[in-house]
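Asker: Here it is, the structure, as structure tokens.
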Amino acid sequence: GDATFHGVITGSELLSVSWLHNGVELNPCNASFKNSLATLTVRQCSAGNAGVYTCVAENGAGRRSCSAVLQVTAAATQPPSRTSNHRLSSEEALGTSNE
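Shown next, in the form of structure tokens:
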């Protein structure tokens with residue numbers, strides 16, 4: 030299946046948002062940042078996708094980050110009778126620089 034990470038990021042200056050997997054910057058093709066919501070989707074997760082995902086927001090006022098761990102387990106032989114969605118969100122605010 031797919032895994033989607035969300036980060037709510039606000040700031041009064043232009044923001045640069047990037048995503049890391051185990052400390053390595055990811056290609057932004059599966060990421061977006063719109064209306065203060067940063068989103069990363071990891072499609073068709075496999076064991077190689079497991080690890081720490083970090084959202085990094087930067088502007089002239091500083092840098093903030095938030096991380097989450099993705100664990101990938103083997104698929105069940107039968108579909109579960111009930112599924113649930115989990116959403117991870119973190120709110121970070123970056124203000125203006127005092128220069």
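Counted the way the numbering used here counts, the sequence shown spans residues 30 to 128. Just so it is clear, CB atoms sit at the ideal spot from N, CA and C, and this is done for glycine as well. Predicted model only: the values in this text are computed from it and were never measured.
Name the residue from Ala76, Glu54 and Val85 whose alpha carbon lies nearest to the alpha carbon of Gly36.
Answerer: As a position in the sequence shown, residue 36 is number 7, starting the count at 1. When only C-alpha atoms are compared, the closest one is Val85.
Asker: Determine, using beta carbons only, whether Asn59 and Leu69 come nearer to each other than 8 Å.
Answerer: Within the sequence shown, residue 59 is the residue found at index 30, counting from 1. Within the sequence shown, residue 69 is the residue found at index 40, counting from 1. Cβ atoms of Asn59 and Leu69: closer than 8 Å.
Asker: Could you give the uninterrupted runs of the beta strand (DSSP E) lying entirely in the stretch 42 to 112, keeping only those of 3 residues or more?
Answerer: 45 to 50, 60 to 63, 66 to 71, 80 to 88 and 91 to 99, all fully within the stretch 42 to 112.
Asker: Run through DSSP, which three-state label would Gly36 get?
Answerer: By one-based count along the sequence shown, residue 36 stands at place 7. Reduced to three states, the DSSP call for Gly36 is strand.
Asker: Is Val71 near Ala32, with beta carbons less than 8 Å apart?
Answerer: The sequence position of residue 71 within the sequence shown is 42, counting from 1. The sequence position of residue 32 within the sequence shown is 3, counting from 1. Yes, the Cβ-Cβ distance between Val71 and Ala32 is below 8 Å.
Asker: Give me the Cα-Cα distance between Gly80 and Pro57, rounded to the nearest whole angstrom.
Answerer: Here residue 80 refers to the residue found at position 51 of the sequence shown. Here residue 57 refers to the residue found at position 28 of the sequence shown. When rounded, the distance between both Cα atoms is 18 Å.
Asker: Classify Arg92 as buried or exposed, calling it buried when 16 or more other Cβ atoms lie within 10 Å of its own Cβ.
Answerer: Within the sequence shown, the letter at position 63 stands for residue 92. Under this definition Arg92 is an exposed residue.
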